[in-house]
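Below is one structure, written out as structure tokens; the observations come after it.
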Amino acid sequence: MEISSRHHLRNDEVRDLEAALSEGLGVSLDGDSYELVELAGVPVDLVLVDGDPDAFYYEGEPFLTVRGANAHEPDRGIVTVDAGAVSFVSDGADVMRPGIVHADEAIEAGDLVAIAEESHGKVLAIGRAKTDGGDMLGDSGKVIESLHHVGDDLYSVTV
Numbered sequence: 089m090e091i092s093s094r095h096h097l098r099n100d101e102v103r104d105l106e107a108a109l110s111e112g113l114g115v116s117l118d119g120d121s122y123e124l125v126e127l128a129g130v131p132v133d134l135v136l137v138d139g140d141p142d143a144f145y146y147e148g149e150p151f152l153t154v155r156g157a158n159a160h161e162p163d164r165g166i167v168t169v170d171a172g173a174v175s176f177v178s179d180g181a182d183v184m185r186p187g188i189v190h191a192d193e194a195i196e197a198g199d200l201v202a203i204a205e206e207s208h209g210k211v212l213a214i215g216r217a218k219t220d221g222g223d224m225l226g227d228s229g230k231v232i233e234s235l236h237h238v239g240d241d242l243y244s245v246t247v
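When you number the sequence shown by our numbering, it's gap-free, plus one each residue, and the end is 247.
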């Protein structure tokens with residue numbers, strides 16, 4: 089991924105980012121330094137919190153990266169998948185109903201969500217919900233579009 093620009097976030101931008109992640113995920117970043125890294129040709133801008141790629145804006149919407157979600161463990165907005173889905177989700181596949189064992193009931197269609205594995209609770213991917221959390225369990229159908237996963241270009245970006 090090519091970096092098109094880098095700059096520190098203003099205090100009001102930091103407050104907005106921290107508030108959005110706190111309200112949506114129950115996460116407190118509380119960093120000393122916030123740097124926005126704009127990436128060329130993708131709908132994602134990365135946020136370095138104290139030098140770590142902990143957050144990003146996807147089409148302008150703030151959320152944690154996979155690394156950030158594992159470092160700061162969200163309380164809300166989580167979908168948990170079973171062991172059979174882990175390899176697919178880790179490779180960037182969209183999430184299907186049969187692989188889901190739990191979904192936060194507060195998730196609404198269109199929300200960004202963290203996708204975690206059942207055994208250790210580690211986040212494998214970030215996706216966009218195609219349905220409400222209460223409708224994610226079932227026998228068939230795609231319910232989450234994968235946007236960012238372990239090992240993808242955003243996960244591996246070096247800045």
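In this text, a Cβ means the ideal position worked out from N, Cα and C, and glycines have one as well.
- Task: With DSSP as the reference, label H160 as helix, strand or coil.
- Result: Reduced to three states, the DSSP call for H160 is helix.
- Query: In three-state DSSP terms, what is P131?
  - Reply: coil
- Item | Range of the contiguous alpha helix (DSSP H) that encloses R185 | Unbroken run through R185: none, as it is neither H nor E.
- Item | Backbone CA spacing between V201 and D223 [nearest angstrom] | Distance between the alpha carbons of V201 and D223 is about 14 Å.
- DSSP state of S244, grouped into three classes? helix
- Item | Where N158 falls, given that 16 or more other Cβ within 10 Å makes a residue buried | Per the 10 Å Cβ criterion, buried.
- Item | Buried versus exposed, by CB contacts within 10 Å (16 or more), S121 | exposed
- Task: Name the two residues that bound the continuous alpha helix (DSSP H) containing V102.
- Result: 99 to 113
- Just confirm the distance between the C-beta atoms of G221 and I195, as a whole number of angstroms; I'd bet it's less than 8 Å. 3 Å
- Task: Go ahead and label D192 buried or exposed: buried means 16 or more other beta carbons lie within 10 angstroms of its beta carbon, across all protein chains shown.
- Result: buried
- Query: Are there 16 or more other CB atoms within 10 angstroms of the CB of I91, so buried, or fewer, so exposed?
  - Reply: In this structure I91 is exposed. Its beta-carbon is surrounded by fewer than 16 other beta-carbon atoms within 10 angstroms.
- Query: Do the CB positions of R216 and L235 come within less than 9 Å of each other?
  - Reply: yes
- With A143 as the anchor, note down where its beta strand (DSSP E) starts and where it stops. 140 to 146
- Task: Answer with buried or exposed for D199, where buried requires no fewer than 16 other C-beta atoms within 10 angstroms of its C-beta.
- Result: buried
- Helix, strand or coil at G226 [DSSP, three-state]: coil
- Decide if G187 is buried, meaning its Cβ has at least 16 other Cβ atoms within 10 Å, or exposed. Buried is the call here.
- Item | Where V174 sits in the DSSP three-state scheme | DSSP places V174 in helix when its eight states are reduced to three.
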